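Under the working numbering, think of the first position of the sequence shown as 6, with each following residue one higher.
Each residue gets a CB set at the ideal place from its N, CA and C atoms; glycine is no exception.
Quick caveat: nothing in here was measured; it's all calculated off a predicted structure.
Structure, as structure tokens:
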Amino acid sequence: MAVLFALSLVAGAVTPLQGRVNSALSSAVADPILAALMSFTSGLAAMALVTLLVPSGRRAASEVLPALRRGQVRWWYYSAGFIGACLVFTQSLTIPVIGVAVFTVAMVTGQVVGGMGVDRLGLTPAGVQRIGPRRLMGAALALAAVLVVVWPQLGEALGGAASTGGAGADAGAAEGAGVLWLLMAAIPVVAGFGTSVQQVFNGRQSAAYGSPIPVTLINFLAGTALLGLIYLGKAVVAGASGPLPAVWWMYMGGPLGCVFIGVSALLVPRIGAFLTTLGLVAGQLLGSLLLDTVAPVDGAAVSAWTVVGTLGALAAVVLASWSGGVKRVPRA
Numbered sequence: 006m007a008v009l010f011a012l013s014l015v016a017g018a019v020t021p022l023q024g025r026v027n028s029a030l031s032s033a034v035a036d037p038i039l040a041a042l043m044s045f046t047s048g049l050a051a052m053a054l055v056t057l058l059v060p061s062g063r064r065a066a067s068e069v070l071p072a073l074r075r076g077q078v079r080w081w082y083y084s085a086g087f088i089g090a091c092l093v094f095t096q097s098l099t100i101p102v103i104g105v106a107v108f109t110v111a112m113v114t115g116q117v118v119g120g121m122g123v124d125r126l127g128l129t130p131a132g133v134q135r136i137g138p139r140r141l142m143g144a145a146l147a148l149a150a151v152l153v154v155v156w157p158q159l160g161e162a163l164g165g166a167a168s169t170g171g172a173g174a175d176a177g178a179a180e181g182a183g184v185l186w187l188l189m190a191a192i193p194v195v196a197g198f199g200t201s202v203q204q205v206f207n208g209r210q211s212a213a214y215g216s217p218i219p220v221t222l223i224n225f226l227a228g229t230a231l232l233g234l235i236y237l238g239k240a241v242v243a244g245a246s247g248p249l250p251a252v253w254w255m256y257m258g259g260p261l262g263c264v265f266i267g268v269s270a271l272l273v274p275r276i277g278a279f280l281t282t283l284g285l286v287a288g289q290l291l292g293s294l295l296l297d298t299v300a301p302v303d304g305a306a307v308s309a310w311t312v313v314g315t316l317g318a319l320a321a322v323v324l325a326s327w328s329g330g331v332k333r334v335p336r337a
């Protein structure tokens, strides 16, 4: 179990680095859709190489169609990559309105609640799992940890939302802006639920193929196809974007995403979606702490909020996974 949680921490820790890389690419091309497409394309290329070069990857890939024919895998499981691509749009759509802090809290809320839900319903290969006291306390502690980390930015974002429109602004316009803000804040919650569905689809495929390698490849293939169509439509309407930067590390967001998706697909059949999510969230906070310490952006310094929140997230993982915290319910 300790090894599995260590993997979840590592996979979560690469996410802030992936975000930093993708942000740099998006700024360089001045087009978030093209940046997302390039990120998915590089991830697809990386997974194609891994699948071809790793013997276990080739063997697992040969099980894709037989598993579909046997009914172990449903065709709609392949849509997991679309969910990942939609998450990119969720970020681009909502963060400019609600900010990173509110987005993070809303997203993690959806992930944690969604993870508990799919585990309780037994939708993952890990089976039906009761929502015991330790799980509830672990979920609450994880959400509190995220709140602590983003609290300074969250206060600014909520204060800005409350004052939208100003005293002299039209009351109707101010009310409309407030409703828009609430809707935008709700979208990441739904996206968080969506990632739980993505974990179910990926976990079932991983169990059927015996490896997360083809699962990750299919995810990036589906996501690249969807983003490619969207970018093509945008290019027809508004024209293509400028030249791509000749900086190799800006295209590493995709391969880093392969680690996240692959490890998630490996863990969900073994420990369920909820514990996988907690480990990934703790890893994200830990990775952010390390990244801000080693390579801070714009002089940003690591705060006590970040340290306390990261320790709280790690404690949430330990609490939720403690002996007796995971209770599987036999299927009828």
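Is it the case that the Cβ atoms of residue i and residue j are separated by a distance below 8 Å?
| i | j | result |
| --- | --- | --- |
| Phe225 | Leu49 | yes |
| Thr20 | Gly120 | no |
| Val286 | Val113 | yes |
| Met52 | Tyr256 | no |
| Gly262 | Gln23 | yes |
| Ala90 | Leu231 | yes |
| Gly208 | Ala270 | yes |
| Gly317 | Val34 | no |
| Gly267 | Thr221 | yes |
| Pro206 | Ala85 | Residue identity differs from the one stated: residue 206 is Phe in this sequence, not Pro. Their beta carbons are under 8 Å apart, which means Phe206 touches Ala85 by this criterion. |
| Asp2 | Ala278 | What the structure shows of the chain is the stretch from 6 to 337, and residue 2 is not part of that stretch, so it cannot be assessed. |
| Phe108 | Pro193 | yes |
| Ala18 | Leu291 | yes |
Consult DSSP for residue i and reduce its assignment to one of helix, strand or coil.
| i | result |
| --- | --- |
| Val107 | helix |
| Val184 | helix |
| Ile59 | One point to set straight first is that residue 59 is Val, not Ile, in the sequence displayed. Looking at Val59 - three-state DSSP - the assignment turns out to be coil, as it is neither helix nor strand. |
| Gln116 | helix |
| Gln96 | helix |
| Val133 | strand |
| Trp253 | helix |
| Arg79 | coil |
| Val302 | coil |
| Val307 | coil |
| Ser31 | helix |
| Met43 | helix |
| Asp124 | helix |
| Trp156 | helix |
| Ala245 | coil |
| Asp36 | coil |
| Ser201 | helix |
| Ser67 | coil |
| Ala172 | For Ala172, the predicted model reports a pLDDT of 49, less than 50, meaning its position is unreliable and no value from the coordinates is stated. |
| Pro217 | coil |
Quick check: does the Cβ of residue i come within less than 7 Å of any heavy atom belonging to the ligand MG?
| i | result |
| --- | --- |
| Ala29 | Absence of the ligand MG from the depicted structure is noted, as is the absence of any ligand whatsoever, leaving it without description. |
To the nearest angstrom, report how far apart residue i and residue j are at their CA atoms.
| i | j | result |
| --- | --- | --- |
| Ala111 | Pro260 | 26 Å |
| Val59 | Val307 | 40 Å |
| Ala100 | Leu272 | Note on identity: in this sequence residue 100 is Ile, with Ala being the wrong assignment. Ile100 and Leu272: Cα-Cα distance of roughly 29 Å. |
| Tyr83 | Thr129 | 15 Å |
| Gly122 | Ala309 | 33 Å |
| Thr315 | Val26 | 22 Å |
| Ala191 | Gly199 | 13 Å |
| Val117 | Ser201 | 8 Å |
| Leu9 | Gln134 | 18 Å |
| Gly288 | Ala7 | 14 Å |
| Ser326 | Leu249 | 45 Å |
| Phe45 | Phe87 | 11 Å |
| Ser31 | Ile235 | 16 Å |
| Gly137 | Ala321 | 14 Å |
| Leu280 | Leu319 | 12 Å |
| Phe265 | Val241 | 33 Å |
| Leu146 | Val323 | 11 Å |
| Gly284 | Trp253 | 30 Å |
| Leu39 | Trp80 | 28 Å |
| Leu295 | Leu148 | 20 Å |
| Leu92 | Val102 | 16 Å |
Assign residue i to one of two classes, buried (16 or more other C-beta atoms within 10 Å of its C-beta) or exposed (fewer than that).
| i | result |
| --- | --- |
| Gly164 | exposed |
| Ser61 | exposed |
| Val302 | exposed |
| Ala41 | buried |
| Ser293 | buried |
| Pro274 | buried |
| Ala196 | buried |
| Ser47 | buried |
| Gly258 | buried |
| Leu70 | exposed |
| Pro157 | exposed |
| Ala245 | exposed |
| Thr298 | exposed |
| Gly104 | buried |
| Val57 | In the sequence on display, residue 57 carries Leu and not Val. Classification of Leu57: exposed, given that the 10 Å Cβ count is below 16. |
Can we say the region 201-218 touches the region 64-72, given the rule of at least three CB pairs closer than 8 Å? Between the region 201-218 and the region 64-72, the count of Cβ pairs shorter than 8 Å is three or higher; the stretches touch.
Contact the region 149-158 vs the region 132-141: 3+ CB pairs below 8 Å: By the Cβ criterion, the region 149-158 is not in contact with the region 132-141, since fewer than three pairs of Cβ atoms, one from each stretch, lie closer than 8 Å.
Okay, do the region 184-192 and the region 68-82 touch, 3+ Cβ pairs below 8 Å being the bar? Short answer: they don't touch.
Do the region 13-31 and the region 226-235 meet, that is, are 3 or more Cβ pairs less than 8 Å apart? No contact exists between the region 13-31 and the region 226-235.
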